[in-house]
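Q: Here the sequence shown stands for residues 107 to 586, where the numbers follow the numbering used here. C-beta atoms are modelled at their ideal positions from N, C-alpha and C, and glycine is treated no differently. Bear in mind the structure is a predicted one, so any value in this text is a computation, not a measurement.
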Amino acid sequence: MDHGGSQGQPAPQPQPHPSQGPFPQYSQYPQYAQYPQYHQYHQYYQYPPPPQQQPQPYQPQHPTMTRLYEVQREVASLGPQVCTFSGLQDEREYKRLERELARLQTDVDGLDTEGRGELQAARKRAAQELEGLLRYLEENARHPSRLAIEELSREARRLVDEGVVAPQRAGGAPEIGDELVDALQAVVLRLTQVKTEGRVPLRKARYRALTRLCAVQAVVEGRTRQQTLSLPLSGDTHASVVARSQLVALLMGLSGRDSCAHLSRVLTELLVELDALDVSGNAAVRNYRKQVVEEINGLLKHLDLEVEGDDTRRYDLAQNDSIREIEAVRGHVSHLRGRGAAELQSLLTHLDQVDTAKNPCIREARRRAVLEVQALVTFLDLREALARRQTGPGEPPAHRAVWLVLGSLSELQAQVLGFGGKRADKSYILLEELLTKQLLALDAVDPQGDESTKAARKQAVKFAQNILGYLDLKTDEWEY
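1) Whole angstroms are fine: how far does the CA of Glu257 sit from the CA of Leu295?
2) Should Lys396 be labelled buried (16 or more other beta-carbon atoms within 10 Å of its own) or exposed?
3) In terms of alpha-carbon separation, which member of Gly500, Arg371 and Arg469 lies closest to Ile402?
4) Given Gln211, which residues of its chain have a CB within under 8 Å of its CB, disregarding the five upstream and five downstream residues?
5) Ordered along the chain, which non-local residues of its own chain (more than five positions away) have a Cβ less than 8 Å from that of Gln554?
6) At the level of alpha carbons, what is the spacing between Gln226 and Thr172?
7) When the Cα atoms are used, what is the spatial distance from Gly221 to Val214?
8) With respect to the alpha helix (DSSP H) encompassing Val270, which residues constitute its N-terminal and C-terminal limits?
9) If you draw a straight line from the alpha carbon of Gln451 to that of Gly437, how long is it in whole angstroms?
10) May I have the straight-line CA-CA distance separating Tyr534 from Thr542, to the nearest angstrom?
11) If the criterion is Cβ atoms closer than 8 Å, does the pair Gln544 and Ser516 meet it?
12) Determine, using beta-carbon pairs with one atom in the segment 479 to 494 and one in the segment 562 to 576, whether at least three such pairs fall under 8 Å.
13) Compare the beta carbon distance of Gln178 and Ala247 with 8 Å and say whether it is the shorter of the two.
14) Are Cys467 and Leu316 touching if we call contact CB-CB under 8 Å?
15) Quick check on the burial criterion: 16 or more other C-beta atoms within 10 angstroms. Buried or exposed for Val378?
16) Express the C-alpha separation of Gly216 and Glu224 in angstroms, rounding to a whole number.
17) How many angstroms separate the CA atom of Leu477 from the CA atom of Arg312?
18) On a CA-only basis, which of Asp384, Glu375, Arg474 and Tyr175 is nearest Leu577? Give me that one, please.
19) Cβ atoms of Leu290 and Ala262: under 8 Å apart, would you say?
20) Is Val391 closer than 8 Å to Leu380 when the C-beta atoms are compared?
Given below as structure tokens:
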């Protein structure tokens with residue numbers, strides 16, 4: 107910044123408003139732009155501008171202000187690292203960031219303002235900036251959702267260690283069955299339901315945990331489909347088979363000796379050996395080599411997961427094309443309440459064709475959208491059935507009682523479909539109580555041996571339970 111007073115200098119520009127200060131504004135730091143969750147902690151350095159007056163001879167800047175400028179540059183570098191840190195408090199990177207921020211805090215606290223108001227204000231704002239970063243770092247590392255992600259990751263590691271890694275280290279071939287596959291799938295489902303509150307670090311932590319676990323699933327399921335190789339390679343001893351267990355151990359953090367680089371070299375050497383084989387005269391061996399090469403390439407692909415999640419676009423599913431397609435379908439649902447079920451059925455077909463790319467979060471989003479459409483379909487079906495219903499003198503009282511409950515359930519479901527509040531709302535509590543009362547009313551119906559009444563009551567109970575489940579789904583605050 108030129109403070110000189112040469113004759114050729116252009117006329118002085120208007121000075122910024124005191125609330126802006128002479129530093130570049132927040133929006134001029136592109137590294138912050140993708141982290142809106144950090145905005146609540148960001149405090150701009152707001153230094154009073156120099157008074158508008160004729161250019162004065164150059165005067166050295168006060169050492170305290172110079173140091174604050176240096177601190178601001180360091181904060182601009184540390185800020186994005188804090189905003190994307192997705193680990194826990196015991197990790198080395200957390201301790202490094204905490205140490206760097208604490209060092210800057212000590213430096214700022216020790217600056218001598220000489221009682222000057224502008225220096226005191228600048229130092230205060232620098233301290234607020236650093237305090238906000240430290241708070242944001244700690245809050246995310248200790249957040250209940252982050253701890254839940256870690257707990258689920260530990261559960262997955264235990265399953266994989268017992269079912270895959272430990273048997274391999276003991277010298278045997280792990281017997282991978284459907285139980286392990288189903289248990290891993292259950293953990294994946296629970297991970298997708300962890301709430302992130304839109305926080306970048308939590309979304310990133312959930313994404314990385316899901317990505318690794320889905321990769322392990324792919325390897326484990328591949329091993330389940332093909333327990334032994336079809337030609338004379340031993341499924342128990344060949345390096346490409348052993349590599350499966352090594353890869354699973356690496357992905358789940360169970361390997362204390364191996365590294366991704368080492369395993370990548372082993373697999374690459376296997377590919378070179380396979381490529382050097384002359385299989386031109388035997389179609390069966392050629393096809394077999396192709397199969398093994400594909401498997402090894404699949405294992406190599408999963409080794410790239412060490413850097414997964416560093417790109418915001420990977421875990422910000424709001425920008426995902428499939429999610430946008432699902433949201434577009436959901437946007438149509440509310441406009442179709444008064445129309446026929448045919449258009450709703452076309453939406454279900456559309457959702458069925460959405461490409462989830464094996465992403466569990468996209469699968470969950472699609473599942474929820476399907477339930478939303480199905481809830482409206484059942485509402486329209488019941489309303490139509492109630493409109494067509496004709497009572498006769500010979501209708502059993504119990505059967506009539508079931509239909510009365512169904513009429514009440516139809517009215518309640520209309521309220522549930524339009525409900526947009528939270529579980530703490532009085533309207534939610536009232537809806538839940540009224541639906542529970544309808545279940546109790548159905549429980550009190552005595553069919554007296556009439557099979558049609560039994561079937562009607564059973565169907566009505568299921569219908570009421572589905573409405574309660576849908577109300578629960580609408581208010582669980584799940585996000586991508």
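A: The structure says:
1) 14 Å
2) exposed
3) Arg371
4) Ala233, Leu236, Glu237 and Leu240
5) Pro502 and Ala504
6) 14 Å
7) 15 Å
8) Unbroken run through Val270: none, as it is neither H nor E.
9) 15 Å
10) 12 Å
11) no
12) yes
13) no
14) yes
15) exposed
16) 16 Å
17) 24 Å
18) Arg474
19) yes
20) no
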